[in-house]
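Working notes, beginning with the structure itself.
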Amino acid sequence: MDQLGIMLAVLGAALAAGFAGSGSAIGVGIAGESGAGIMTEDPGKFGLVLLLQALPGTQGIYGLLTAFFAILKVGLLGGDAVSVNVWQGLGVLFACLPIAIAGFYSGIAQGKTSAACIQMIAKRPEETGKAVILPAMVETYAVLALLMSIILLNSIQF
Amino acid sequence: MTCSVDYGYAVSRLRAMENRLLEPGVFQRLLDSEDLSSAIRVLSETPYGKWILEQQSEEKFDKAIESELLYIYSETERFVPDPGLYFICRLPYDIHNIKVLLKGIFNQKEGGKRRMDLLTGLGNMPVDEMVMAIESEDYRLMPFGFHRTVPDCVSIWDQSHDILQVERVLDEALFSLQVKIAGEMPFEGVRLFVRSRIDAENIRNLARLKRMGFEAPQAASFFHNGGSVPVEKVLSLLNEPFEGWERFLSFADVSKTLSSVQEHTDLDSLIMDLERSIDDFLSGILAKFKYSAFAPENVLHFLWLKEIEAKNLRILLVGIGNGADRSVLRRLLRNV
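Protein sequences, first through last, are from chains A and B. Here our numbering = 1-based position in the first sequence + 45. Here our numbering = 1-based position in the second sequence + 1159.
Okay, structure coming up:
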């Protein structure tokens, strides 16, 4: 049963890294397509486009961070071996879900917002400040999910 | 068929290309130009400049405008996922070319001259191929069903020598094709645009036929199916005074085109303002899609804006060249 507990924890870590990373990949891809469209006509906007394209990438980092926390918690990343029962494993799995789900959806949503803002700076480069703020609003919910995942992971007693 | 998120690249690129569109200040400077030479100088400072340089004389400004449009269409073709979007915009030029070629052939049969200079390269079908197909009467390779429409037109001419009937058949073919192409794409905005364009064309024809004193039975073939307003409804307006048209059509969006021209007392001035009002109405239909970052309708919007810009330039340059009153020219400008 200890093995099942560990596996559940590993599944949670995999979901956190996998889903949040996928959301980021899709989001960065969407923003990148828009960025390429702008730069074909105006290569001088590379700096602004890169900044906006990178924003949806943070969800992937949050997912990876949570995954590290999870496997660190169950002792798979060094340190003393920890005995993990099924309920503890389930706890780790559930703790990883907030960033897995919110990371996936917010990554895509942020990518779309970034793409729209990239289009905005194509016509109004002087509005770059506002263009960065709008996708950053989406980021808030990924950060909240990350916080919740970390709090939940810390609350599981081994 | 592509889904709308695939338009991220295309719409972004078009947003950047919108910076090529002339600003109202340029139109103002053109309006303030004393003569055609100074207007061409103003235009030389814009993206049209490189095309103007290629022309041998400043009277050839129309070729420069056509070159810019051709450049825009060629660029757009490279990255727009659904070709139907630019087919719809370029079809009127194909029909124009067919009309020019057929009229040339018909004229020649009656001892007249051909006007090959009126052909435009803006159509979907390359001009050389179209000339070859029509002159050799080998229509098999003509796209968009032209291989059936063109022989029909030739036989109509052979039987009746009625050039208006030929034009009506070609116009009907144009709108049927646009409806068909729009129907094959999953974009409601494109279908709405095509329907509205047919409605607008019917209203335009209605005003012209009313001015020419046509009766309903004679006029029926000048109206096109496929719009939001049934042809019978439009036809019934022919017997009504134009002051009441807006009320009769109040159920349809196209009635907006009439609201701004109601104060006219004669059909001549109404028709002049109606042309502008129709173009503004169609621009308005597509303009609402500019708030969506991935809407395919943005492609149509950009191409339409470019067409309107070209139309404005032609109005201004022809008017300035002929010494037209600047206030009249200003009144004719669309969407500026």
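All C-beta atoms in this analysis are idealised placements derived from N, C-alpha and C, irrespective of residue type, glycine included. Given the structure is predicted, the values throughout are model-derived calculations rather than measurements.
query: Beta carbon proximity, V1185(B) to chain A, threshold 9 Å; result: no
query: In chain order, each alpha helix (DSSP H) run of at least 4 residues that lies wholly inside the region 1362 to 1392 of chain B; result: 1375 to 1378
query: Proximity of G156(A) and I75(A) at Cβ, strictly below 9 Å; result: yes
query: Helix, strand or coil at A201(A) according to DSSP, with G and I counted as helix; result: Just to set this straight, residue 201(A) is Ile in the shown sequence, not Ala. Note: I201(A) maps to coil in three-state DSSP.
query: Nearest-angstrom Cα separation, counted from E78(A) out to R1327(B); result: 44 Å
query: Own chain, CB closer than 8 Å to A59(A), minus 5 neighbours either side, in chain order; result: A112
query: Classification of R1460(B) by the beta-carbon crowding that lies within 10 angstroms, buried from 16 upward; result: Note that residue 1460(B) is His in the sequence shown here, rather than Arg. Counting Cβ neighbours within 10 Å, H1460(B) comes out buried, since at least 16 surround it.
query: Short-range partners of chain A found in the region 1171 to 1182 of chain B, where Cβ spacing is below 9 Å; result: S1171, R1172, L1173, R1174, A1175, M1176, E1177, N1178, R1179
query: Per-residue DSSP class, three states only, for G1480(B); result: helix
query: D1439(B) and R1493(B) closer than 9 Å at C-beta; result: yes
query: DSSP state of T1235(B) mapped onto helix, strand, coil; result: helix
query: D87(A): contacting residues in chain B (beta-carbon distance under 8 Å); result: A1175, N1178
query: Any chain B beta carbon closer than 9 Å to S79(A); result: yes
query: Chain-ordered neighbours of K157(A) on chain B, where CB pairs are closer than 9 Å; result: V1164, G1167, A1452, F1453
query: Which listed residue (L1228(B), L1261(B), L1260(B), G1263(B)) has its alpha carbon closest to that of R1526(B); result: Nothing can be reported for residue 1526(B), as the shown portion of chain B is limited to 1160 through 1495.
query: Minimum Cβ-Cβ distance from F1238(B) to chain A less than 9 Å; result: yes
query: Local Cβ density within 10 Å of Y1166(B), reported as buried at 16 or more and exposed below that; result: buried
query: Euclidean distance between Cα positions of C1162(B) and V1413(B); result: Summary for C1162(B): the model assigns pLDDT 47, below 50, so the residue's position carries little reliability; its value from the coordinates is reported in the next sentence. Approximately 29 Å, taken between the alpha carbons.
query: Close-in-space but distant-in-sequence residues of the same chain around S1196(B) (CB under 8 Å, 5 per side omitted); result: E1217
query: Same chain, Cβ closer than 7 Å to L198(A), neighbours up to 5 away in sequence not counted; result: F114, A115, K118, V137, A140
query: Nonlocal neighbours in the same chain, by C-beta distance under 7 Å from P1206(B), ignoring five residues either side; result: R1179, E1227
query: Through-space distance from A1169(B) to S1192(B), alpha-carbon basis; result: 36 Å
query: Collapsed DSSP secondary structure at N1283(B) in the structure displayed; result: coil
query: Contact under 9 Å by Cβ, D1297(B) with M1291(B); result: yes
query: Among E86(A), P143(A), A160(A), G124(A), nearest to L96(A) - alpha-carbon criterion; result: A160(A)
query: Where the alpha helix (DSSP H) through T158(A) begins and ends; result: 131 to 168
query: CA nearest to the CA of P1251(B), picked from G1348(B), R1356(B), P1389(B); result: R1356(B)
query: N1457(B) beta carbon less than 9 Å from that of L1173(B); result: yes
query: Beta carbon proximity, Q133(A) to chain B, threshold 9 Å; result: no
query: Reference G108(A); option with closest CA among T185(A), I144(A), I195(A), L189(A); result: I144(A)
query: Proximal residues, the region 159 to 183 of chain A versus chain B, C-beta separation under 7 Å; result: A160, A161, I163, Q164, A167, K168
query: Any chain B beta carbon closer than 9 Å to G82(A); result: yes
query: Continuous alpha helix (DSSP H) stretch holding Y1168(B): start and end; result: 1167 to 1176
query: Proximal residues to A187(A) (C-beta, below 7 Å), its chain only, five neighbours per side dropped; result: T103, Q104, Y107, A147, G148, S151
query: Three-state secondary structure (DSSP) of H1255(B); result: helix
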